[in-house]
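**Student:**
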Amino acid sequence: MKFRSADAFSGAAGYRLLPLRFRRLPWDTERVFVSSAAGDWLIMGHRELEQVIAGTIDQNSTLGMDLQARNMIAADPSRTTLAPLLSQMRSRKQYLQQGPSLHIFVVSLRCHHTCSYCQVSRAESTETAFDLDETNARLAVERLFEWPSSTLTVEFQGGEPLLHFARVRAITEQIQQRNRHEGRTLRFVLASTLHDLNDDQLAFFREHDFQLSTSLDGPEWLHNANRPRPERDSYARTVAGIDRARRALGDDAVSALTTLTQRSLSAPREIVDEYRRLGFHSIFLRPLSPYGFARKTGPRIGYSLADFFAFYREALEHILAVNRDGYPLEEAYASLMLSQLFTPFSHGYVDLRSPTGAGLGAVVYDYDGQAYPSDEARMLAAMGDRSFALGHVGQSVREWLASPAMRRVLDAGVAEALPGCADCAFVPLCGADPIDHYARQGDTCGHRPSSDFCRKQLGFFDLLLERTERADAYDRAVLESWALPRRSATPWQIEAA
Ligand code: SF4
1 MKFRSADAFS GAAGYRLLPL RFRRLPWDTE RVFVSSAAGD WLIMGHRELE
51 QVIAGTIDQN STLGMDLQAR NMIAADPSRT TLAPLLSQMR SRKQYLQQGP
101 SLHIFVVSLR CHHTCSYCQV SRAESTETAF DLDETNARLA VERLFEWPSS
151 TLTVEFQGGE PLLHFARVRA ITEQIQQRNR HEGRTLRFVL ASTLHDLNDD
201 QLAFFREHDF QLSTSLDGPE WLHNANRPRP ERDSYARTVA GIDRARRALG
251 DDAVSALTTL TQRSLSAPRE IVDEYRRLGF HSIFLRPLSP YGFARKTGPR
301 IGYSLADFFA FYREALEHIL AVNRDGYPLE EAYASLMLSQ LFTPFSHGYV
351 DLRSPTGAGL GAVVYDYDGQ AYPSDEARML AAMGDRSFAL GHVGQSVREW
401 LASPAMRRVL DAGVAEALPG CADCAFVPLC GADPIDHYAR QGDTCGHRPS
451 SDFCRKQLGF FDLLLERTER ADAYDRAVLE SWALPRRSAT PWQIEAA
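The working numbering puts the sequence shown at residues 1 to 497.
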């Protein structure tokens with residue numbers, strides 16, 4: 001990987017080399033992936049790249065024209081400005097124009113489940129000491145409107161937020177009332193097992209146009225094993241909740257997420273088939289996070305990234321087969337990555353931003369009135385490490401932004417300035433995740449060669465580029481369609497807004 005500065009020489013062919021980075025393709029080492037500073041890219045032969053850098057490519061050749069169109073070379077050094085390149089960079093980083101749009105309210109830590117990988121450090125379902133109280137909820141709503149974002153996505157989380165539905169209702173009504181003169185665009189999301197849904201709640205969700213997000217890990221045996229309840233009825237209750245919510249709110253108002261344990265890796269096709277059987281058109285195959293109970297149980301339920309990608313490849317092939325069979329189904333993480341690769345815009349997904357989405361794209365208001373720049377920061381605090389606590393809802397947003405925690409996040413929050421990332425060909429399309437690196441490696445900057453975050457990103461970029469290259473026309477059209485905005489809003493799409 002190399003980076004050539006904008007002031008690089010003009011070669012014999014008379015063009016000026018603009019900033020670019022490259023990566024040798026793992027599946028064809030004679031060719032390279034070359035990216036511009038704004039994330040436009042080309043795949044070309046290694047010899048051709050040497051000629052480009054030597055300044056000997058004919059600018060009127062097909063490759064020469066391609067390089068100009070992608071702002072990798074400038075044809076007339078005396079007249080060309082960097083304006084088109086900068087305009088592209090502005091489009092990719094458009095999310096920086098606003099403050100955080102995702103606001104997570106943790107209304108209770110209570111939960112009925114005892115999942116071994118739980119990321120939220122749940123409490124017993126009767127312990128109301130872990131509920132967000134009225135005073136802190138009111139202050140959190142005040143803080144919400146201190147942010148400048150024109151769109152505010154309010155996501156209620158837990159534990160199980162339906163166990164403290166009165167607070168969900170009160171906060172929603174306070175926000176709606178305040179918004180009469182604020183005029184923001186509001187979206188409401190509730191992340192729930194859906195086990196405890198009742199008619200009163202559904203009527204409220206319909207009135208306020210809620211999106212419901214639930215967890216579905218796959219077929220019954222797998223879901224029940226991952227999400228134990230004494231009655232062993234977790235799957236049946238989730239499916240009943242999905243059905244009930246769809247009948248009340250419409251199919252598009254309900255989405256589901258998978259959590260992949262070691263057990264899940266043996267069942268890629270079964271998990272995909274379950275999503276199809278239940279009528280979902282999106283599935284999010286995400287590996288376990290190193291937080292909460294997952295950290296303690298990691299050796300028992302965790303797995304290597306190599307195991308994850310073996311699973312993922314098989315699942316992706318099956319998803320493509322399902323699409324060939326006439327049933328539209330996307331894999332959500334692939335969609336995010338493909339939208340980076342095949343569109344000039346950023347998806348803005350908070351975990352894949354640079355500068356980081358922590359505190360700049362999302363804020364978490366915890367049950368005890370503490371604020372965090374991300375859910376991961378909250379989980380670390382629940383495990384006793386408060387390094388990323390911004391402050392209390394009784395303080396102003398200005399104080400949070402000036403906190404040592406926020407400074408620490410921002411210091412390591414720009415991927416283009418991080419060791420390893422700065423030279424990487426994927427950096428204009430990737431993200432910085434300082435809190436993830438702190439959690440995994442004890443250092444917000446992290447060490448990219450041994451970083452699971454980086455290996456995951458490289459793995460996805462390589463896999464999707466290779467798969468798109470060898471796709472037939474039908475599969476390619478499917479993969480490219482995933483890069484486009486989706487028909488219905490899913491939580492990760494909302495997160496990106
Ligand atoms: S995290 Fe890895 S893949 Fe992403 S920009 Fe950094 S070095 Fe590249």
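Even glycine gets a Cβ: it sits at the ideal position worked out from N, Cα and C.
1) Give me, in chain order, the residues of the same chain whose beta-carbon lies closer than 8 Å to that of Glu48; leave out the 5 immediate sequence neighbours on both sides.
2) Give the straight-line distance between the Cα atoms of Ser282 and Asp307, rounded to the nearest whole angstrom.
3) Label Gln88 either buried or exposed according to how many other C-beta atoms from any shown protein chain fall within 10 Å of its C-beta, with 16 as the threshold for buried.
4) Would you grab the beta carbon distance between Val107 and Val168 for me? Rounded to a whole angstrom, and I think it's under 8 Å.
5) Determine the direct distance from the alpha carbon of Ser101 to that of Arg313, and round the result to whole angstroms.
6) The alpha helix (DSSP H) that contains Ile272, what's its start and end?
7) From Asp325 to His318, what distance separates their C-alpha atoms?
8) Just the C-alpha distance for Leu197 and Leu82, rounded to the nearest angstrom, thanks.
9) Would you mind working out which of Arg31, Ala38 and Tyr15 sits nearest Ile53, comparing C-alpha positions?
10) Less than 6 Å between C-beta atoms, sequence neighbours within five positions excluded: which residues of the same chain meet that for Arg244?
11) On the CB-based measure, 16 or more other CB atoms within 10 Å of its CB, does His164 come out buried or exposed?
12) Mind checking Ile43: buried by the 16 CB within 10 Å criterion, or exposed?
13) If you draw a straight line from the C-alpha of His392 to the C-alpha of Cys445, how long is it?
14) Would you mind sorting Ser234 into buried or exposed? The rule is 16 or more other CB atoms within 10 Å of its CB.
15) Name the DSSP beta bridge partners of Val34, please?
16) Express the C-alpha separation of Ala382 and Phe293 in angstroms, rounding to a whole number.
17) Let me confirm a value: Ser450 is counted as buried when at least 16 other C-beta atoms fall within 10 Å, else exposed. Which label applies?
18) Looking at C-alpha atoms only, which residue of Thr356, Gly361 and Asp452 is the closest neighbour of Arg408?
19) Roughly how many angstroms separate the alpha carbons of Gln59 and Gln51, rounded to a whole number?
20) Among Leu202, Val189 and Leu338, which has the Cα closest to the Cα of Arg476?
21) For Leu285, which of helix, strand or coil comes out of DSSP?
22) Out of curiosity, what's the CA-to-CA distance linking Val189 and Arg398?
23) Ser213 by DSSP, collapsed to three states: which one?
24) Do His208 and Leu144 have their beta-carbon atoms positioned less than 8 Å apart in this structure?
25) Would the beta-carbon of Tyr453 be found less than 7 Å away from any heavy atom of the ligand SF4?
26) What is the DSSP secondary structure of Leu17, reduced to helix, strand or coil?
27) Which same chain residues end up closer than 8 Å to Ala267 when comparing Cβ atoms and leaving out the 5 residues on each side of it in sequence?
28) Please classify Phe3: does DSSP put it in a helix, a strand, or coil?
29) For Ser150 versus Thr185, is the C-beta distance shorter than 8 Å?
30) If you count every other CB in all the chains shown that lies within 10 Å of the CB of Gly384, and 16 or more means buried, which is it?
31) So, helix, strand or coil for Val52, using DSSP?
32) Provide the residue span of the alpha helix (DSSP H) that contains Arg90, from first to last.
33) So is the beta-carbon of Cys445 under 7 Å away from any non-hydrogen atom of the ligand SF4?
34) Measuring only the C-alpha atoms, how far is Ser387 from Trp400?
35) How long is the line joining the alpha carbons of Arg448 and Val350, rounded to whole angstroms?
36) Would the C-beta of Ala358 count as close to the ligand SF4, meaning under 7 Å from any of its heavy atoms?
**Tutor:** In brief:
1) Your numbering for residue 48 matches position 48 in the sequence shown. Here the set comprises Ile57 and Leu63.
2) In the sequence shown, the residue the question calls residue 282 occupies position 282. In the sequence shown, the residue the question calls residue 307 occupies position 307. The C-alpha of Ser282 lies about 22 Å from the C-alpha of Asp307.
3) Taking the first residue of the sequence shown as 1, we reach residue 88 at position 88. Buried, since its Cβ has 16 or more Cβ neighbours within 10 Å.
4) Walking along the sequence shown from the start, residue 107 turns up at place 107. Walking along the sequence shown from the start, residue 168 turns up at place 168. Between Val107 and Val168, the beta carbon gap of about 6 Å places them in contact (Cβ cut-off 8 Å).
5) Locating residue 313 in the sequence shown gives position 313, counting from the first residue. Locating residue 101 in the sequence shown gives position 101, counting from the first residue. Using only the alpha carbons, I get a separation of about 33 Å.
6) In the sequence shown, counting from the first residue as 1, residue 272 sits at position 272. Note on residue identity: the sequence assigns Val, not Ile, to residue 272. That run of the alpha helix (DSSP H) goes Pro268 to Arg277.
7) In the sequence shown, counting from the first residue as 1, residue 325 sits at position 325. In the sequence shown, counting from the first residue as 1, residue 318 sits at position 318. Using only the alpha carbons, I get a separation of about 10 Å.
8) Numbered from its first residue, the sequence shown carries residue 197 at position 197. Numbered from its first residue, the sequence shown carries residue 82 at position 82. So the two alpha carbons sit approximately 55 Å from each other.
9) Numbered from its first residue, the sequence shown carries residue 53 at position 53. Nearest to Ile53 by alpha-carbon distance, out of Arg31, Ala38 and Tyr15, is Tyr15.
10) For the purposes of this step, residue 244 is identified with residue 244 of the sequence shown, where counting begins at 1. Excluding sequence neighbours, Arg244 sits near Leu197.
11) By 1-based counting over the sequence shown, the position of residue 164 is 164. With a threshold of 16 other beta carbon atoms within 10 Å, His164 meets it and is buried.
12) Within the sequence shown, residue 43 is the residue found at index 43, counting from 1. Burial call: exposed.
13) The residue given as residue 392 occupies position 392 in the sequence shown. The residue given as residue 445 occupies position 445 in the sequence shown. Distance from the CA of His392 to the CA of Cys445, rounded to the nearest whole angstrom, comes to 26 Å.
14) For the purposes of this step, residue 234 is identified with residue 234 of the sequence shown, where counting begins at 1. Flag for Ser234 reads buried.
15) Residue numbering aside, residue 34 sits at position 34 when the sequence shown is read from its first letter. DSSP lists Phe22 and Leu42 as partners of Val34.
16) Locating residue 293 in the sequence shown gives position 293, counting from the first residue. Locating residue 382 in the sequence shown gives position 382, counting from the first residue. Caution is warranted here: a pLDDT of 42 is assigned to Phe293, below 50, making its placement in the model unreliable, and the coordinate value is therefore given only provisionally. Computed Cα separation, rounded: 10 Å.
17) In the sequence shown, residue 450 corresponds to position 450, counting from 1. Classification for Ser450: exposed.
18) What you label residue 408 is simply residue 408 of the sequence shown in a count that begins at 1. Measuring C-alpha to C-alpha distances from Arg408 to each of Thr356, Gly361 and Asp452 identifies Thr356 as the nearest.
19) Within the sequence shown, residue 59 is the residue found at index 59, counting from 1. Within the sequence shown, residue 51 is the residue found at index 51, counting from 1. Rounded to the nearest whole angstrom, the C-alpha separation of Gln59 and Gln51 is 11 Å.
20) The sequence position of residue 476 within the sequence shown is 476, counting from 1. Distance check between Arg476 and each of Leu202, Val189 and Leu338 places Leu338 closest, using alpha-carbon atoms only.
21) Here the question's residue 285 lines up with position 285 in the sequence shown. Judged by DSSP in its simplified three-state form, Leu285 adopts strand.
22) Here the question's residue 189 lines up with position 189 in the sequence shown. Here the question's residue 398 lines up with position 398 in the sequence shown. Cα to Cα, the separation comes out at about 26 Å.
23) Along the sequence shown, one-based indexing puts residue 213 at 213. Of the three classes helix, strand and coil, the one that applies to Ser213 here is strand, per DSSP.
24) Taking the sequence shown and counting its residues from 1, the one referred to as residue 144 is at position 144. Taking the sequence shown and counting its residues from 1, the one referred to as residue 208 is at position 208. Contact flag unset, no.
25) Numbered from 1 along the sequence shown, position 453 holds the residue referred to as residue 453. The residue asked about is misnamed: residue 453 is Phe in this sequence, not Tyr. At a threshold of 7 Å, Phe453 counts as near the ligand SF4, since its beta carbon sits closer than that to one of the ligand's heavy atoms.
26) To locate residue 17, count along the sequence shown from 1; it is residue 17. In the structure shown, Leu17 falls within a strand segment according to DSSP collapsed to helix, strand and coil.
27) As a first step, residue 267 must be located in the sequence shown, where it is residue number 267. So the list reads Gly218, Pro219 and Leu222, once near-sequence residues are dropped.
28) Within the sequence shown, the letter at position 3 stands for residue 3. Reliability fails at Phe3, whose pLDDT of 44 lies under 50, so the model's placement of it is uncertain and the value that follows must be treated cautiously. DSSP, reduced to helix, strand and coil, places Phe3 outside both helices and strands of the structure shown, so it counts as coil.
29) Within the sequence shown, numbered from 1, the residue matching residue 150 stands at position 150. Within the sequence shown, numbered from 1, the residue matching residue 185 stands at position 185. Closer than 8 Å, so yes.
30) Along the sequence shown, one-based indexing puts residue 384 at 384. By the neighbour-count rule (16 or more Cβ atoms within 10 Å), Gly384 is not buried but exposed.
31) As a position in the sequence shown, residue 52 is number 52, starting the count at 1. Of the three classes helix, strand and coil, the one that applies to Val52 here is helix, per DSSP.
32) Taking the first residue of the sequence shown as position 1, residue 90 is located at position 90. Start and end: Ala83 to Arg92.
33) As a working mapping, residue 445 is identified with position 445 in the sequence shown. Shortest gap from the CB of Cys445 to any heavy atom of the ligand SF4: 7 Å or more.
34) Position 387 of the sequence shown, counted from the start, is the residue given in the question as residue 387. Position 400 of the sequence shown, counted from the start, is the residue given in the question as residue 400. Taken atom to atom, the span from the alpha-carbon of Ser387 to that of Trp400 is near 13 Å.
35) Locating residue 448 in the sequence shown gives position 448, where the first residue counts as 1. Locating residue 350 in the sequence shown gives position 350, where the first residue counts as 1. Going by C-alpha positions, Arg448 is about 19 Å away from Val350.
36) Taking the first residue of the sequence shown as position 1, residue 358 is located at position 358. The answer is no for Ala358.
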